[in-house]
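Engineer: In our numbering, the protein residues as written are 22 to 184. Have a look at this one before I ask anything.
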């Protein structure tokens with residue numbers, strides 16, 4: 022049997038973090054994951070996935086994730102039940118995360134995806150690449166063999182059928 026869940030979405034609220042009496046760190050959060058299709062009104066709907074993570078990963082989630090941040094999770098589905106304050110039995114299905122990936126920089130503001138909005142990192146990186154191309158005369162076919170980390174300085178002249 023396979024019980025695996027992998028998803029990417031945005032946190033709908035800040036993570037809840039607690040440390041048990043035995044010292045176990047636990048963080049729980051909910052991801053909104055967009056569906057790949059639209060409803061009859063042409064609107065895209067989302068599924069809300071409850072997630073739980075333990076130990077050091079829980080501490081990292083608490084420290085680095087907040088409402089609106091993009092995160093990827095990998096884990097397994099687990100169902101449990103408990104009695105609420107009114108004495109009713111409540112069933113819960115959640116993802117017990119083996120791994121949580123932080124998919125946005127820590128300093129991005131309120132889940133705005135800086136990569137889609139043209140971050141300054143991309144712009145400065147593109148400017149650097151453009152400057153390097155200009156410095157090399159924009160001739161990509163000339164390659165300096167001295168700077169080639171894979172070159173051992175030997176030129177092999179053999180009769181292999183490829184260049």
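C-beta: ideal position from N, C-alpha, C; glycine also. Predicted, not measured: the structure shown is a model, and the values here were computed from it.
How far does the alpha helix (DSSP H) with residue 80 in it extend, from its first residue to its last?
Structural biologist: For the purposes of this step, residue 80 is identified with residue 59 of the chain shown, where counting begins at 1. Residue 80 -> alpha helix (DSSP H) spans 76 to 85.
Engineer: What does DSSP give as the partner residues of residue 94 in its beta bridges?
Structural biologist: Residue mapping note: residue 94 aligns to position 73 of the chain shown, counting from 1. Answer is 28, 121.
Engineer: So who's on the other strand from residue 115, going by DSSP bridges?
Structural biologist: In the chain shown, counting from the first residue as 1, residue 115 sits at position 94. The partner list for residue 115 (beta bridge, DSSP) reads 99.
Engineer: By Cβ distance, which residues of its chain are closer than 6 angstroms to residue 31, with the 5 residues on each side in sequence left out?
Structural biologist: Sequence index remark: in the chain shown, residue 31 carries index 10 (1-based). Taken in chain order, the residues that qualify are 53, 89, 91, 132.
Engineer: Report the three-state DSSP secondary structure of residue 128 (helix, strand or coil).
Structural biologist: Here residue 128 refers to the residue found at position 107 when the chain shown is read from its first residue. Residue 128 falls in the coil class under three-state DSSP.
Engineer: At what residue ranges does the region 44 to 77 contain a whole run of the beta strand (DSSP E), taking only runs of 3 or more?
Structural biologist: Runs of the beta strand (DSSP E) inside the region 44 to 77: 46 to 59, 65 to 75.
Engineer: Strictly by DSSP, which residues pair up with residue 39?
Structural biologist: Stepping through the chain shown from its first residue, residue 39 is reached at position 18. Answer is 47, bridged to residue 39.
Engineer: So, does the region 35 to 52 touch the region 95 to 109, judging by three or more C-beta pairs under 8 angstroms?
Structural biologist: With the cut-off at 8 angstroms, the region 35 to 52 and the region 95 to 109 do not touch.
Engineer: Is it true that the CB of residue 102 sits closer than 8 angstroms to the CB of residue 110?
Structural biologist: Within the chain shown, residue 110 is the residue found at index 89, counting from 1. Within the chain shown, residue 102 is the residue found at index 81, counting from 1. Yes, they are a contact pair.
Engineer: So residue 44 and residue 94 are supposed to be a Cβ contact under 8 angstroms. How far apart are they, rounded?
Structural biologist: Numbered from 1 along the chain shown, position 23 holds the residue referred to as residue 44. Numbered from 1 along the chain shown, position 73 holds the residue referred to as residue 94. About 24 angstroms separates the two Cβ atoms, so there is no contact after all.
Engineer: Which same chain residues, not among the five before or five after residue 73, have their C-beta less than 6 angstroms away from its C-beta?
Structural biologist: Position 52 of the chain shown holds residue 73. Answer for residue 73: 49, 115, 117, listed in chain order.
Engineer: Report the three-state DSSP secondary structure of residue 33 (helix, strand or coil).
Structural biologist: Mapped onto the chain shown, residue 33 falls at position 12. If DSSP states are grouped into helix, strand and coil, residue 33 belongs with coil.
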